[in-house]
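Asker: Okay, handing you the structure first.
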Amino acid sequence: MTSPLEQKKLKITGPVVITANRLGDGAVIYRRAEGWTTDINIAAVATTAATASELLSAAHADDLNAVGAYVAPVARNPDGTLRPGNLREYIRLTGPSIDLPVTFGI
Amino acid sequence: MYVYDELDRILVGERVTEFRDQVKRRISGELTEDEFKPLRLMNGVYLQLHAYMLRIAIPYGTLSADQMRTLARVARMYDRGYGHFTTRQNIQFNWIKLEELPDAMALLASAGLHGMQTSGNCVRNITTDQWAGVAPDEIEDARVWAEILRQHLTLHPEFSFLPRKFKIALTAAPHDRAATKVHDIGLRLLRNDAGEVGFEVTVGGGLGRTPFIGKMIKPFLAKRDIVSYVEAVMRAYNQSGRRDNIYKARIKILVHDLGPEAFGKEVEAEWQAIKDGPLTLDPAIIADVAARFKYPDYRRLNDDPSELAHARASDPRFERWFKNSVSRHKVPGYAIVTLSLKPEGGPPGDATAAQMDRIADLAERYSFAEIRVGHDQNLVLPHVAQRDLPALWRALDGIGVATPNVGLVSDIIACPGLDYCSLANARAIPVAQELTRRFRDLGLAQELGRLHINISGCINACGHHHVGHIGILGVEKNGEEFYQLTIGGRADEQARLGDLLGPAVRYHEVADKVEDIVAAYLELRSRPDETFLATVERIGVEPFKERVYAVG
Numbered sequence: 033m034t035s036p037l038e039q040k041k042l043k044i045t046g047p048v049v050i051t052a053n054r055l056g057d058g059a060v061i062y063r064r065a066e067g068w069t070t071d072i073n074i075a076a077v078a079t080t081a082a083t084a085s086e087l088l089s090a091a092h093a094d095d096l097n098a099v100g101a102y103v104a105p106v107a108r109n110p111d112g113t114l115r116p117g118n119l120r121e122y123i124r125l126t127g128p129s130i131d132l133p134v135t136f137g138i
Numbered sequence: 004m005y006v007y008d009e010l011d012r013i014l015v016g017e018r019v020t021e022f023r024d025q026v027k028r029r030i031s032g033e034l035t036e037d038e039f040k041p042l043r044l045m046n047g048v049y050l051q052l053h054a055y056m057l058r059i060a061i062p063y064g065t066l067s068a069d070q071m072r073t074l075a076r077v078a079r080m081y082d083r084g085y086g087h088f089t090t091r092q093n094i095q096f097n098w099i100k101l102e103e104l105p106d107a108m109a110l111l112a113s114a115g116l117h118g119m120q121t122s123g124n125c126v127r128n129i130t131t132d133q134w135a136g137v138a139p140d141e142i143e144d145a146r147v148w149a150e151i152l153r154q155h156l157t158l159h160p161e162f163s164f165l166p167r168k169f170k171i172a173l174t175a176a177p178h179d180r181a182a183t184k185v186h187d188i189g190l191r192l193l194r195n196d197a198g199e200v201g202f203e204v205t206v207g208g209g210l211g212r213t214p215f216i217g218k219m220i221k222p223f224l225a226k227r228d229i230v231s232y233v234e235a236v237m238r239a240y241n242q243s244g245r246r247d248n249i250y251k252a253r254i255k256i257l258v259h260d261l262g263p264e265a266f267g268k269e270v271e272a273e274w275q276a277i278k279d280g281p282l283t284l285d286p287a288i289i290a291d292v293a294a295r296f297k298y299p300d301y302r303r304l305n306d307d308p309s310e311l312a313h314a315r316a317s318d319p320r321f322e323r324w325f326k327n328s329v330s331r332h333k334v335p336g337y338a339i340v341t342l343s344l345k346p347e348g349g350p351p352g353d354a355t356a357a358q359m360d361r362i363a364d365l366a367e368r369y370s371f372a373e374i375r376v377g378h379d380q381n382l383v384l385p386h387v388a389q390r391d392l393p394a395l396w397r398a399l400d401g402i403g404v405a406t407p408n409v410g411l412v413s414d415i416i417a418c419p420g421l422d423y424c425s426l427a428n429a430r431a432i433p434v435a436q437e438l439t440r441r442f443r444d445l446g447l448a449q450e451l452g453r454l455h456i457n458i459s460g461c462i463n464a465c466g467h468h469h470v471g472h473i474g475i476l477g478v479e480k481n482g483e484e485f486y487q488l489t490i491g492g493r494a495d496e497q498a499r500l501g502d503l504l505g506p507a508v509r510y511h512e513v514a515d516k517v518e519d520i521v522a523a524y525l526e527l528r529s530r531p532d533e534t535f536l537a538t539v540e541r542i543g544v545e546p547f548k549e550r551v552y553a554v555g
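Protein sequences, first through last, are from chains D and A. Quick note: the first sequence uses my numbering, first residue 33, plus one each step. Quick note: the second sequence uses my numbering, first residue 4, plus one each step.
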């Protein structure tokens, strides 16, 4: 996945959310209309560059709670819930795709 | 072990106090992220996909048992119970909270550990042969010189804001186990025709986006001049290296653009101005640093004791491990033992807190309380009495670090990839895990002989894929993970970059393709003892390409 660190110009081709890492612990968070959430399903969804820009500006302004905000694609499941739009975002939401070493039982 | 002095302890302690204040100011909003980021990076703190990551330097890969226990405590108290040993003899913790970082750092500092200069555009952790000081083929202990350079280059004001990061590696053996030729500066101790020991200096090696093998600019440098000469190289780079383009900022680009000869001349001119000045090493300083490396009080033992012979003859599992993971030591009756952190299905280079604690116990009992970290992401117990090997093996086997695959196909080097890293384009760990399952047959692995697979999850090449015998590079195409395969790379004294085998393949095809490469090797090798690399070097890439890409 192209790293969002290389994201330069805002181009929206589908629904997006604004995501970042929480300052205190680095946890993955999503921008709501006001504030942040760890639940992607209550994130504010933008479908236009203008809305995404607005949300992103608000996210950047909240430097005290969130670090490195950027635009991430999402997709809608048939039941209307949101899922991350690419593998990178899926891994950010759900954690590493591997078992952590402690699960080896040693 | 190197014994730190009061100055080191004060330096590390002061840094913790300073960082604690910086974190406090960041959390209170006194510092913005833009202001804080360079400060955290100076202490090895990155922000990755899911959390903060703390990278801790292990200078020249040498750890005491107490330090290993401290790492285990950090893993347990502040992380998720494990750590990841890297290709640059560092360890990384992946889940540390910013609020808890100062306490974690204070704990590390109590054991002389820190994250200084493990990030940012400065001189990074200076690495060396993980067998330094015990390898029978070395001229002398390269760690002494790594330590002298570490002292000189730690918080060096002139080199704290270089155009880009800077990596130095040393070796003192003809067989390069430290990958010196793919470092910004590679230093190899050698003996000249007059019998004097000095350094061969290579510069401009490196992997990443634009890989180069280092170019030799000084065939022989007297030991007393090592600091002044390294300083001259860095000054030439600091002055002429590009700062306008991050992708062209490493010294390798400068050396390539100018040519090694012209760059060597720049260094020489710089060096002449400082040579024989205050940076010339006084023999007393060298002796003082050397004296701080405390060598074990070895007993007088004989090679191949009866306990060892008996175990080798009576237990085939032990014999297989012995042949694979035990190497000759420079002191009779002792052995160097490599602990494989590459179990079948495991993430390469990871160790749990429980494993770290147990390894520390075993190091105390069997290896004079010393442990080494190799750039191959394995650990080493460097001073094991041969008669203790059977007991040690049983203990190592019990904690999952005795897989007899060192240097074999399943001893895979891999970066954290897209499972952790914010720069990655594709996953590396699950690819490695699948390959270890495919090559779980240790008999086959042994038959294949030395075969290194290196996997990187992006072009930054932390998994050193360019110099893997088989290299795997994860890339992204239209939102999907693809992997480029190279063959024929190597990181040793004959370092070379691998050649591209063919079009990139999908995630689920990688293991099949690697199996095809291995099958092609078995078919194409001229005799059973012709190594994979020797076969590639003899016949080139084409016969492999035909077979691997014709399949299916």
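Cβ atoms here follow ideal geometry from the backbone N, Cα and C, with glycine treated the same way.
Taking only beta-carbon positions, decide if Asp422 (chain A) is within less than 9 angstroms of chain D.
Answerer: The count along the second sequence starts at 1 and reaches residue 422 (chain A) at position 419. Interface residue, yes.
Asker: Counting only Cβ pairs nearer than 7 angstroms, list the residues of chain A close to Ile130 (chain D).
Answerer: As a working note, residue 130 (chain D) is residue 98 in the first sequence. Under the 7 angstroms cutoff, chain A gives Pro350, Asp422, Ile432, Pro433, Gln436.
Asker: So which residues of chain D does Lys100 (chain A) contact, with C-beta pairs closer than 8 angstroms?
Answerer: The residue given as residue 100 (chain A) occupies position 97 in the second sequence. Result: Gly56, Asp57, Gly58.
Asker: When burial is assigned at 16 or more other CB atoms within 10 Å of the CB, is Tyr250 (chain A) buried or exposed?
Answerer: Counted from its first residue, the second sequence places residue 250 (chain A) at position 247. By the beta-carbon neighbour count (other beta carbons within 10 angstroms, threshold 16), Tyr250 (chain A) is exposed.
Asker: Three-state secondary structure (DSSP) at Arg323 (chain A)?
Answerer: If you number the second sequence from 1, residue 323 (chain A) lands on position 320. Note: Arg323 (chain A) maps to helix in three-state DSSP.
Asker: Applying the 10 Å Cβ sphere with the 16-neighbour rule, what's the burial state of Val6 (chain A)?
Answerer: To locate residue 6 (chain A), count along the second sequence from 1; it is residue 3. Burial call: exposed.
Asker: Between Arg120 (chain D) and Ser129 (chain D), what straight-line distance do the alpha-carbon atoms span, to the nearest angstrom?
Answerer: For the purposes of this step, residue 120 (chain D) is taken as the residue at position 88 of the first sequence. For the purposes of this step, residue 129 (chain D) is taken as the residue at position 97 of the first sequence. If I take the Cα positions, the gap works out to 10 angstroms.
Asker: Measure the alpha-carbon distance for Ala107 (chain D) versus Ile44 (chain D) and round it to whole angstroms.
Answerer: Here residue 107 (chain D) corresponds to residue number 75 of the first sequence, with the count starting at 1. Here residue 44 (chain D) corresponds to residue number 12 of the first sequence, with the count starting at 1. Rounded to whole angstroms, Ala107 (chain D) to Ile44 (chain D) spans 13 angstroms at the Cα level.
Asker: Can you tell me which of the three DSSP states Gly280 (chain A) falls into?
Answerer: Numbered from its first residue, the second sequence carries residue 280 (chain A) at position 277. Here Gly280 (chain A) sits in coil by DSSP.
Asker: Going by the CB atoms, is the gap between Ile490 (chain A) and Leu504 (chain A) shorter than 9 angstroms?
Answerer: As a position in the second sequence, residue 504 (chain A) is number 501, starting the count at 1. As a position in the second sequence, residue 490 (chain A) is number 487, starting the count at 1. Yes, the pair counts as a contact, with Cβ atoms nearer than the cut-off.
Asker: Considering only C-alpha positions, which residue in the set A:Arg76, A:Ile456, A:Asn97, A:Glu322 is nearest to Leu488 (chain A)?
Answerer: Residue numbering aside, residue 488 (chain A) sits at position 485 when the second sequence is read from its first letter. When each option's Cα is compared against that of Leu488 (chain A), the closest is A:Ile456.
Asker: Can you say whether Phe164 (chain A) is buried or exposed, counting buried as having 16 or more other CB atoms within 10 angstroms of its CB?
Answerer: Along the second sequence, one-based indexing puts residue 164 (chain A) at 161. Exposed, because fewer than 16 other Cβ atoms sit within 10 Å of the Cβ of Phe164 (chain A).
Asker: Tell me, please, whether the CB atom of Gly84 (chain A) is closer than 9 angstroms to any CB atom in chain D?
Answerer: Residue 84 (chain A) sits at position 81 when you count from the first residue of the second sequence. Closer than 9 angstroms: yes.
Asker: Using DSSP with H/G/I as helix, E/B as strand and the rest coil, what is Ala68 (chain A)?
Answerer: Taking the first residue of the second sequence as position 1, residue 68 (chain A) is located at position 65. Ala68 (chain A): helix per DSSP, three-state reduction.
Asker: With a CB to CB cut of under 6 angstroms and the five nearest residues on each side skipped, what residues in its chain are close to Arg153 (chain A)?
Answerer: Counting from one through the second sequence, the residue named residue 153 (chain A) turns up at place 150. Counting only Cβ-Cβ distances below 6 angstroms, and skipping sequence neighbours, we find Pro62, Ile129.
Asker: By a C-beta neighbour count over all protein chains shown, 10 Å radius and 16 as the cutoff for buried, is Lys221 (chain A) buried or exposed?
Answerer: On the second sequence, residue 221 (chain A) is found 218 positions in, with the first residue counted as 1. It counts as buried.
Asker: Please go through the same chain and pick out, in chain order, the residues whose beta-carbon is closer than 6 angstroms to the beta-carbon of Glu479 (chain A), but skip the five residues on each side of it.
Answerer: Start at 1 with the first residue of the second sequence, and residue 479 (chain A) comes out as number 476. Cβ neighbours of Glu479 (chain A) within its own chain (closer than 6 angstroms, five residues either side excluded): Asn428.
Asker: Leaving out the 5 sequence neighbours to the left and right, which residues in its chain are closer than 8 angstroms to Ile138 (chain D) when beta-carbon positions are compared?
Answerer: The residue labelled residue 138 (chain D) in the question sits at position 106 within the first sequence. Note that Ile138 (chain D) scores a pLDDT of 48, beneath 50, so its modelled location is shaky; the value from the coordinates is reported in the next line. Nothing listed; no residue qualifies.
Asker: State the start and end residues of the unbroken beta strand (DSSP E) segment that holds Gly477 (chain A).
Answerer: Locating residue 477 (chain A) in the second sequence gives position 474, counting from the first residue. Run containing Gly477 (chain A): 473 to 480, per the beta strand (DSSP E) assignment.
Asker: Candidates A:Gly208, A:Gly86, A:Ala109, A:Gly64: which alpha carbon is nearest Leu384 (chain A)'s?
Answerer: Counting from one through the second sequence, the residue named residue 384 (chain A) turns up at place 381. Out of A:Gly208, A:Gly86, A:Ala109, A:Gly64, A:Gly64 has the C-alpha closest to the C-alpha of Leu384 (chain A).
Asker: Any idea what DSSP makes of Ala107 (chain D), helix, strand or coil?
Answerer: Along the first sequence, one-based indexing puts residue 107 (chain D) at 75. Reduced to three states, the DSSP call for Ala107 (chain D) is strand.
Asker: Any beta carbon of chain A sitting closer than 9 angstroms to that of Leu119 (chain D)?
Answerer: Counting from one through the first sequence, the residue named residue 119 (chain D) turns up at place 87. Yes, because at least one Cβ of chain A sits closer than 9 angstroms to the Cβ of Leu119 (chain D).
Asker: Relative to the C-alpha of Met237 (chain A), which candidate in A:Leu74, A:Glu518, A:Tyr81, A:Ile188 has its C-alpha closest?
Answerer: For the purposes of this step, residue 237 (chain A) is taken as the residue at position 234 of the second sequence. The option with the nearest alpha carbon to Met237 (chain A) is A:Ile188.
Asker: Heavy atom of the ligand HEM less than 8 angstroms from the Cβ of Ala431 (chain A), yes or no?
Answerer: No copy of the ligand HEM appears in this structure; indeed no ligand is present at all.
Asker: Could you please give the first and the last residue of the uninterrupted alpha helix (DSSP H) stretch that includes Ile229 (chain A)?
Answerer: If you number the second sequence from 1, residue 229 (chain A) lands on position 226. Run containing Ile229 (chain A): 229 to 243, per the alpha helix (DSSP H) assignment.
Asker: Please list the partners that Asp53 (chain D) has in chain A, where partner means a Cβ-to-Cβ separation under 7 angstroms.
Answerer: On the first sequence, position 21 is the one that residue 53 (chain D) refers to. The sequence given here has Asn at residue 53 (chain D), not Asp. Residues of chain A passing the Cβ test: Leu50.
Asker: Residues in the same chain with beta-carbon distance under 7 angstroms from Trp396 (chain A), minus the five sequence neighbours each way, listed in chain order, please.
Answerer: If you number the second sequence from 1, residue 396 (chain A) lands on position 393. Correct list, in chain order: Phe321, Trp324, Ala405.
Asker: Is Leu525 (chain A) closer than 9 angstroms to Leu451 (chain A) when the C-beta atoms are compared?
Answerer: Start at 1 with the first residue of the second sequence, and residue 451 (chain A) comes out as number 448. Start at 1 with the first residue of the second sequence, and residue 525 (chain A) comes out as number 522. A contact, by the Cβ cut-off of 9 angstroms.
Asker: Could you give the first and the last residue of the continuous alpha helix (DSSP H) run that contains Val147 (chain A)?
Answerer: Residue 147 (chain A) sits at position 144 when you count from the first residue of the second sequence. 146 to 156 is the extent of the alpha helix (DSSP H) around Val147 (chain A).
Asker: Apart from the five residues just before and just after Ser328 (chain A), which ones in its own chain have a Cβ nearer than 8 angstroms to its Cβ?
Answerer: What you label residue 328 (chain A) is simply residue 325 of the second sequence in a count that begins at 1. Contacts found: Val340, Thr341, Leu342, Ser343, Ala405, Pro407, Val409.
Asker: What residue does the alpha helix (DSSP H) around Tyr524 (chain A) start on, and which one ends it?
Answerer: As a working mapping, residue 524 (chain A) is identified with position 521 in the second sequence. It spans 513 to 527 - the alpha helix (DSSP H) in which Tyr524 (chain A) sits, taken as one unbroken run.
Asker: State the start and end residues of the unbroken alpha helix (DSSP H) segment that holds His92 (chain D).
Answerer: Against the first sequence, residue 92 (chain D) aligns to sequence position 60. Residue range 81 to 93 is occupied by the alpha helix (DSSP H) that includes His92 (chain D).
Asker: For Ser413 (chain A), does the three-state DSSP call read helix, strand or coil?
Answerer: Here residue 413 (chain A) is taken as the residue at index 410 of the second sequence, counted from 1. Of the three classes helix, strand and coil, the one that applies to Ser413 (chain A) here is coil, per DSSP.
Asker: Measuring alpha carbon to alpha carbon, tell me which of A:Glu549, A:Thr121, A:Val26, A:Leu210 ends up nearest Gly501 (chain A).
Answerer: Stepping through the second sequence from its first residue, residue 501 (chain A) is reached at position 498. The residue with the shortest Cα to Cα distance from Gly501 (chain A) is A:Leu210.
Asker: Using a Cβ-Cβ distance under 9 angstroms, would His53 (chain A) count as near chain D?
Answerer: Taking the first residue of the second sequence as 1, we reach residue 53 (chain A) at position 50. Cβ-Cβ to chain D under 9 angstroms: yes for His53 (chain A).
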